[in-house]
Structure formats: structure tokens, C-alpha cells
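See structure below.
In C-alpha cells form, the structure reads like this:
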């Protein structure tokens, strides 16, 4: 079931899926099921639902940026979405998974080991803490279901090098969030380049990806502490 859904779904998205990637998605799925039994990783369970609503949804990012050999950070990755899906589909990318909950990072480290990914950095930190050496050092930042776009820009854009991309995964109606984020984008050195809408193959679920280009450096005073970001959004 899982492999068939993924094979058909990747084809519908116009993306390649080789046998090794399919094997790794099976390993990832089984790790999720096992991990979910002892901690709250995801409310989505079962082969069909996980394959479509997690794996295919995350893989849709590759429709707008193939990410070959790119340095990518997944901010607030949770159980590894979308970052670990991107790594399975595109093993050449240099991936950092960032999450604030230690037990999720422990899960991710174990899962990366099971997948044979000894080159994935699993980092326990809050997004606004900016681990040393991370600032403006990534080609691309990705984030899925973490916060509204104006808040998310302050968390993610400081990681992206000028000229790089921030890809924010959003629901079908991102227009209001984009309008809300106008000041944040202007302040932080970002500009919306494209909004890519897609339907997850085999479902009626429509999502969109807000593609933000880093047009200049982010002022050093950003990001602020999370309490300040929430209290006084840009």
C-alpha cells in the first residue's frame, strides 16, 4: 500500500522515486508508527494517510526547488516533516533538522541512523536561538505548520543566505498571511517570489507553498525572543 501510493503520487507530482527511496520511506513509516506509540509525533497514522498527507505533501516542495546539493534547514521539524522526506527523495541535500523538543530530536537521530543518513544534523534548539554558525548560512529554509507567516519569517529568514530561499508550507488560503507579513518581509530582507498551489495526489486536499527570496541581509537584532515576536509581530 505505502509503496504503491508513493509511486503513483510521485509520478503525479512529476518527481522521480527510485527503489532505494521507496525502501527508506518504508523504514521511516515504521519508525513513525513505533515512535508514535510512546510519544505524540503525529495524529496522522496508517500507511495511506501517512504516505499522502505527510510524505507526498512534503515532497511537493521539490516541484519548485529540486534542492540538489543545497544546504537546507527545516525549522520546527517535529517528526521530520518536510525535511526528512526531502532528504529521502533527494539524498544529495545537506540537511539540518531543528526542533525545540529533545525527545523529538532523539527520535530523529535514531530514525536518521536507521535510514543510513549519518550526514543529517539533528539539533535541539529553539528557532530564535540561532545556533552558532547557522546565521545566513543556508541555501534554503523550510517550515511546515509552525506559525503564521509574519512570525515565521522572523524565525526562518535569519538562517537563509542572501539570494537563498525560504519555503513556507501553508493551507489553501495564504493570501491573508502574505498581506500580514508585508512589514516583516521588508524588514527582514525577504520578498515573495511565487505562491505554488497543489493538490496532494489521491486526495482533495489543496495546499500552497509560499516561495520567499532572501533579497538582502537580515538586521542583526532579529530574531527577537519568542515572547517579543508574539507580543509585537513585525
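Residue numbers (my numbering): 2 to 235.
Every residue gets a Cβ at the ideal spot worked out from N, C-alpha and C, and that includes glycine.
For residue i, three-class secondary structure by DSSP
i           : result
residue 144 : strand
residue 159 : helix
residue 172 : coil
residue 24  : helix
residue 137 : coil
residue 78  : coil
residue 123 : strand
residue 6   : helix
residue 69  : coil
residue 97  : strand
residue 215 : strand
residue 150 : helix
residue 167 : strand
residue 210 : strand
residue 283 : Because the chain spans 2 through 235 in this model, residue 283 falls outside it and cannot be assessed.
residue 56  : helix
residue 205 : coil
residue 200 : strand
residue 225 : coil
When the options are compared against residue i, the one with the closest alpha-carbon
i           : options           : result
residue 58  : 2, 24, 124, 172   : 172
residue 182 : 233, 77, 46, 42   : 233
residue 89  : 67, 76, 77        : 67
residue 214 : 9, 225, 36, 139   : 139
residue 23  : 34, 45, 79, 87    : 87
residue 174 : 75, 44, 150       : 150
residue 1   : 152, 42, 162, 179 : Residue 1 lies beyond the range of the chain shown here (2 to 235); nothing can be said about it.
residue 228 : 129, 178, 166     : 129
residue 179 : 11, 210, 79, 205  : 210
residue 166 : 176, 134, 186     : 186
residue 21  : 184, 118, 164     : 118
Same chain, Cβ closer than 7 Å to residue i, five either side skipped, listed in chain order
i           : result
residue 30  : 3, 48, 51
residue 115 : 28, 32
residue 162 : 137, 138, 139, 140, 215
residue 103 : 125
Nearest-angstrom beta carbon gap, residue j and residue i [assumed within contact, 8 Å]
i           : j          : result
residue 91  : residue 14 : Residue 91 to residue 14, Cβ: 13 Å. No contact.
residue 143 : residue 73 : 6 Å
residue 141 : residue 71 : 5 Å
Residue i vs residue j beta-carbon contact at 8 Å
i           : j           : result
residue 98  : residue 168 : no
residue 160 : residue 127 : no
residue 81  : residue 54  : no
residue 83  : residue 145 : yes
residue 147 : residue 77  : yes
residue 192 : residue 216 : yes
residue 194 : residue 212 : yes
Contacts around residue i, its chain only, beta-carbon distance under 8 Å, and the 5 residues preceding and following it disregarded
i           : result
residue 124 : 97, 98, 99, 100, 106, 132
residue 189 : 154, 155, 158, 159, 219, 220, 223, 235
residue 9   : 202, 203
residue 7   : 18, 23, 26, 52, 56, 57
residue 94  : 68, 69, 70, 71, 72, 73, 87, 88
residue 45  : 51, 54, 55
residue 231 : 152
Sequence-distant residues of the same chain with beta carbon closer than 6 Å to residue i, five excluded per side
i           : result
residue 112 : 32
residue 199 : 61
residue 75  : 84, 98, 143
residue 36  : 42, 108
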